[in-house]
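Encoded as structure tokens, the structure appears first; notes follow it.
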């Protein structure tokens, strides 16, 4: 069984990553993309981003000795700015890794929770059909009171990673720590 680095989880899953605004999980998203391209025999990925533009993805990858421009040219990587994308843009559904960053921002800019839930459910079904790993990031605004979108995403996921603020306080270069890795309700149901 192949594993999804850096999480040591099986591939072909839906991984939900939640974070809070003071402790963004950017480091997990970037590291999963970087490891995917460095360790996969046939790396292919698509990043559906609301929060970060392509320059942020390229800069972080370059700091890790990965030139995303080469992968963009070879079409093994597709970066889609969801807000600027043409709705008729065709997306290759047979990628090995799909990153959706992030669902909460979609809700904050006016998409309804139901529309986002339907989009995530359809994206999840498409990824399952092609045995593609799907990683979804969701910002949790009220950690003690989960919102409806989080509850829906948690029902879809195979695994859930929660990033919390550092217990020792904020650091200059580290913004959060992985608080827990848990099996989601769909664990074992493929």
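In this note's numbering, the protein residues as written are 2 to 191.
Cβ coordinates follow ideal geometry from the N, Cα and C atoms, glycine included.
* If we call anything under 7 Å between Cβ atoms a contact, is residue 164 one with residue 20? -> yes
* Might you give, ordered along the chain, the residues of its own chain that have their beta carbon closer than 6 Å to the beta carbon of residue 118, omitting 5 neighbours on each side? => 153
* Beta carbon of residue 159 nearer than 7 Å to that of residue 15 -> yes
* One or two residues paired with residue 46 in a DSSP bridge -> 78 and 98
* Asked: Near residue 59, which residues of its chain fall below 6 Å by C-beta distance, leaving aside the five closest residues on each side in sequence?
  -> 69
* Asked: Is the CB-CB distance between residue 46 and residue 98 below 7 Å?
  -> yes
* Roughly how many whole angstroms lie between the Cα atoms of residue 12 and residue 179? -> 20 Å
* Answer yes or no: the CB of residue 184 versus the heavy atoms of the ligand MG, is any distance below 6 Å? => Looking for the ligand MG in the displayed structure turns up nothing, as the structure carries no ligands at all.
* To do: Under 8 Å Cβ to Cβ from residue 108, same chain only, skipping five residues before and after it: list those, please.
  => 114, 117 and 150
* Asked: Would you report the Cα separation of residue 30 and residue 74, rounded to the nearest angstrom?
  -> 21 Å
* Asked: For residue 110, is the classification buried or exposed, using 16 other Cβ atoms within 10 angstroms of its Cβ as the cut-off for buried?
  -> exposed
* Asked: By DSSP, does residue 141 sit in helix, in strand, or in coil?
  -> coil
* Report the residue from 56, 55 and 67 whose alpha carbon sits nearest the alpha carbon of residue 38. => 67
* **Exposure of residue 54, with buried meaning 16 or more beta-carbon neighbours within 10 Å** => exposed
* Asked: With residue 52 and residue 102 assumed to form a contact (beta carbons below 8 Å), what rounded beta-carbon distance in angstroms separates them?
  -> 5 Å
* For residue 191, I'd like the list of residues in its chain whose CB is within less than 6 Å of its CB, leaving aside the five on either flank, ordered along the chain. => Confidence is the limiting factor: at residue 191 the pLDDT is only 43, short of 50, which leaves the residue's position unreliable, though a coordinate-based value still follows. Closer than 6 Å at Cβ, skipping near neighbours: no residue.
* Assign residue 41 to one of three DSSP states: helix, strand, or coil. => coil
* Asked: Nearest-angstrom Cα distance between residue 137 and residue 85?
  -> 19 Å
* **Where residue 126 falls, given that 16 or more other Cβ within 10 Å makes a residue buried** => exposed
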